[in-house]
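Structure record follows, encoded as structure tokens.
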Amino acid sequence: MIQKLLSLDRRWIFLIIAVVVFVPAILKIPVPVSTISNSTQQLYDTIEGFEPGEVVMISLDYGPSSMAELQPQLTALLHHCFAKDLRVIGINWAVFDSVLLGQNEFDRVARLHGKTYGPDYCYLGYKPGGLPNLLDMGKDISSVYPKDVHNKSLTDIPMMKAIKNYDHISLVVDLASVGSPPFWINYVYGRFQQTLALGVTGVMISELYPALDAGQIVGILPGLLGAAEYEYLIQDANYTMEGGDGATGMGIQSFLHVALILIIVFCNIAFFIDRRNRSNIA
Numbered sequence: 007m008i009q010k011l012l013s014l015d016r017r018w019i020f021l022i023i024a025v026v027v028f029v030p031a032i033l034k035i036p037v038p039v040s041t042i043s044n045s046t047q048q049l050y051d052t053i054e055g056f057e058p059g060e061v062v063m064i065s066l067d068y069g070p071s072s073m074a075e076l077q078p079q080l081t082a083l084l085h086h087c088f089a090k091d092l093r094v095i096g097i098n099w100a101v102f103d104s105v106l107l108g109q110n111e112f113d114r115v116a117r118l119h120g121k122t123y124g125p126d127y128c129y130l131g132y133k134p135g136g137l138p139n140l141l142d143m144g145k146d147i148s149s150v151y152p153k154d155v156h157n158k159s160l161t162d163i164p165m166m167k168a169i170k171n172y173d174h175i176s177l178v179v180d181l182a183s184v185g186s187p188p189f190w191i192n193y194v195y196g197r198f199q200q201t202l203a204l205g206v207t208g209v210m211i212s213e214l215y216p217a218l219d220a221g222q223i224v225g226i227l228p229g230l231l232g233a234a235e236y237e238y239l240i241q242d243a244n245y246t247m248e249g250g251d252g253a254t255g256m257g258i259q260s261f262l263h264v265a266l267i268l269i270i271v272f273c274n275i276a277f278f279i280d281r282r283n284r285s286n287i288a
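Take the position in the sequence shown, starting the count at 1, then add 6; the result is the number in my numbering.
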């Protein structure tokens, strides 16, 4: 028995891992959230404190490769904003690839909340220019984005008639898998004192906690975990009944981690038993 376990074809292990991944993904098995990290709770509380009609700008600075972690964050934030009757602006400051990812999700979630393009939200998309665009939006957003993704002039978008620059935006949230957060912190917060929050991939989170401690940002969503936590908060408040991909993704990770740990434990036990048997024979 021990010899069979030690000589097990590794393709069986691959099959076990595939089953462990695909079953929770197909059945959408979520993992209950027991605690909420302070950085997630702070961002939720900030948005929760806004009055209807206030404006939130969300910058999608990630591409398809990071969609699994950051798209659920976007979905949860949109649910919260639309449920609170906040107006939302979507942009792509650093990454062109995420224009369709953002535009489609804005439209989908807006429909669920009965929101209309123009009065309730708009999507401005990507504009080449880098750092100067961040600074110019502090003076006049229309100088950077004279038209939206539908080639419609900002002067023809009802909500944008009263939004000129950062002074008219209550919160900017940068969802990033690239090196954009320091630019938002150093220039948009540093120069304009714009209230700022972040949603980032798991590998980026540790280097950004000092900005949270310093009060330069009001909250951070830490990767897929942050998305799952935010989903729990908005569902607990009855802002949406839609199951989120953040909790499902954490479920897949949890089952996978348990499976890997069990495989490692059993294989090590088998190895030590086999070694002991060999020494007894000798």
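Idealized CB from N, CA, C, for every residue including glycine.
Close-in-space but distant-in-sequence residues of the same chain around residue i (CB under 8 Å, 5 per side omitted)
i: Ile163; result: Gly124, Cys128, Asp154
i: Leu266; result: Ile23
i: Leu214; result: Pro187, Leu204, Val206, Ile223, Ile226
i: Pro152; result: Ser159, Leu160
Contact set for residue i: own chain, Cβ-Cβ below 6 Å, skip 5 residues either direction
i: Tyr238; result: Val39
i: Ile289; result: For residue 289 there is no data in the structure shown, the boundaries of the chain being 7 and 288.
i: Leu130; result: Ile97, Tyr151, Asp154
Cut-off 7 Å between Cβ atoms - residues of its own chain near residue i, not counting five sequence neighbours on either side
i: Tyr245; result: His85, His86, Ala89
i: Phe189; result: Leu137, Leu140
i: Arg282; result: none
i: Met73; result: Leu107
Cβ-Cβ distance between residue i and residue j below 7 Å
i: Gly225; j: Gln48; result: yes
i: Val101; j: Asp142; result: no
i: Leu181; j: Leu80; result: yes
i: Val194; j: Met63; result: no
i: Val61; j: Arg16; result: no
i: Val37; j: Ser260; result: yes
i: Gly144; j: Phe56; result: no
i: Thr207; j: Ser183; result: yes
i: Ser45; j: Leu218; result: yes
i: Asn157; j: Val150; result: no
i: Ile240; j: Ala116; result: no
i: Leu262; j: Val27; result: yes
i: Tyr236; j: Gln200; result: no
i: Ile175; j: Leu202; result: no
i: Ser104; j: Gly69; result: yes
Residue i classed as buried or exposed, judged by whether at least 16 other C-beta atoms fall within 10 angstroms
i: Asn318; result: Residue 318 falls outside the range modelled here, since the chain spans only 7 to 288, and no answer is possible.
i: Pro228; result: buried
i: Gly96; result: buried
i: Ala168; result: exposed
i: Ile32; result: exposed
i: Ile191; result: buried
i: Gly120; result: exposed
i: Gly59; result: exposed
i: Gly196; result: exposed
i: Ile53; result: buried
i: Phe20; result: exposed
i: Ser285; result: exposed
i: Ser65; result: buried
i: Phe112; result: buried
i: Ile275; result: exposed
Bridge partner(s) assigned by DSSP for residue i
i: Val184; result: In the DSSP output, where bridge partners are listed per residue, Val184 has none listed.
i: Val264; result: None; Val264 has no bridge partner.
i: Val178; result: Met63, Leu202
**Item:** Complete alpha helix (DSSP H) runs within the stretch 10-57 (minimum length 4 residues, chain order)
**Value:** The stretch 10-57 contains these whole alpha helix (DSSP H) runs: 16-33, 44-54.
**Prompt:** Fully enclosed by the stretch 116-168, which alpha helix (DSSP H) runs are 4 residues long or longer?
**Reply:** Counting whole runs of 4 or more residues, the stretch 116-168 contains the alpha helix (DSSP H) stretches 137-143, 147-150.
**Prompt:** Taking only runs of the beta strand (DSSP E) that begin and end inside the stretch 55-117, which ones reach a length of at least 3 residues, in chain order?
**Reply:** With a minimum length of 3 residues, the continuous beta strand (DSSP E) runs that stay inside the stretch 55-117 are 61-67, 93-98.
**Request:** Can you check the stretch 199-240 for any beta strand (DSSP E) of at least 3 residues that lies completely inside it and give the ranges in chain order?
**Result:** Within the stretch 199-240, the complete beta strand (DSSP E) segments at least 3 residues long are 202-206, 226-228, listed from N- to C-terminus.
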